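Colleague: First, the structure itself, so that you have it in front of you.
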Amino acid sequence: MYNHSALSQYQKVGLESKIAASNPHGLVAMLLDGALEKLARASGFIERGDVSAQGAAISGAINIIDSLRASLDIDKGGEIAQGLNSLYDYMERRLLEANIKRDSAIVAEVVSLISQIKSAWDAIPSAAESA
Numbered sequence: 054m055y056n057h058s059a060l061s062q063y064q065k066v067g068l069e070s071k072i073a074a075s076n077p078h079g080l081v082a083m084l085l086d087g088a089l090e091k092l093a094r095a096s097g098f099i100e101r102g103d104v105s106a107q108g109a110a111i112s113g114a115i116n117i118i119d120s121l122r123a124s125l126d127i128d129k130g131g132e133i134a135q136g137l138n139s140l141y142d143y144m145e146r147r148l149l150e151a152n153i154k155r156d157s158a159i160v161a162e163v164v165s166l167i168s169q170i171k172s173a174w175d176a177i178p179s180a181a182e183s184a
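Per this note's numbering, the very first residue in the sequence shown carries number 54; after that it's consecutive.
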């Protein structure tokens, strides 16, 4: 038990350090990575029939997606922000459905969508990251 606790503390400190050192662009990238990690875990839990862990992982992914949506500036972001807002809403609804139906195919659909967003996000030049 002690080793698990020590590892958790180490991981928490590492994450807090990354957050403190990141710019807004880096924080969004970390959120996208976090959502993908939660969804990968959710898929595994669905396949193993671990309903409780599946629900926790999907809820975590939904919370991250909701944070991404809350960070949008609809006024300044125009059509892109509006499109992302709608896409994030769609992903959250699909994940609720995936959780109820225990459907890893729906999770895979959301993973594909987030992966596309992440790919585009990662392609933003470093000069634009701090703007």
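We put the beta carbon where it would ideally sit given N, CA and C, even for glycine.
Small disclaimer: the values here were computed from a predicted structure and weren't measured.
(1) For the alpha helix (DSSP H) that contains I127, what are its first and last residues?
(2) Which residue's Cα is closest to the Cα of Y141: K154, V164, I177, A106?
(3) Tell whether a beta-carbon distance below 8 Å holds between A161 and S112.
(4) State the Cα-Cα distance for the pair Y143 and W174, rounded to the nearest angstrom.
(5) Where does A151 land, buried or exposed, given buried means 16+ other C-beta within 10 angstroms?
(6) For K91, I'd like the list of residues in its chain whose CB is within less than 7 Å of its CB, leaving aside the five on either flank, ordered along the chain.
(7) Within 10 angstroms of its Cβ, does V81 collect 16 or more other Cβ (buried), or is it exposed?
(8) Closest by CA to A135, which one among Q107, R147, L121?
(9) Extract the residue ranges of the alpha helix (DSSP H) inside the region 88–129, only unbroken runs of 4 or more that lie entirely within it.
(10) Could you tell me which of D119, S124, R101, E100 sits nearest to L149, measuring between CA atoms?
(11) To the nearest angstrom, how far is the alpha carbon of P77 from that of D86?
(12) Between A88 and I167, which are expected to be in contact by the criterion C-beta below 8 Å, what is the C-beta distance as a whole number of angstroms?
(13) Is it buried or exposed for Q107, if we count other Cβ within 10 angstroms and need 16 for buried?
Modeller: To lay it out plainly:
(1) Segment 127–154, the alpha helix (DSSP H) holding I127.
(2) Y141 has its Cα closest to that of V164, out of K154, V164, I177, A106.
(3) No; because the gap between Cβ atoms is not below 8 Å, this pair is not in contact.
(4) Distance between the alpha carbons of Y143 and W174 is about 19 Å.
(5) In summary, A151 is buried, with 16 or more beta-carbon neighbours lying within 10 Å of its beta-carbon over all protein chains present.
(6) Taken in chain order, the residues that qualify are A110, G113, A114, I117.
(7) By the neighbour-count criterion, in which a residue is buried when 16 or more other Cβ atoms sit within 10 angstroms of its Cβ, V81 is buried.
(8) In the sequence on display, residue 135 carries Gln and not Ala. Closest by C-alpha distance to Q135, out of Q107, R147, L121, is L121.
(9) Contiguous alpha helix (DSSP H) elements confined to the region 88–129 occur at 104–123, taking only those with 4 or more residues.
(10) That would be D119, whose Cα lies nearest to the Cα of L149.
(11) Roughly 14 Å separates the two Cα atoms.
(12) Yes, they are in contact, since the Cβ atoms of A88 and I167 sit about 5 Å apart, within 8 Å.
(13) Buried: at least 16 other Cβ atoms inside 10 Å.
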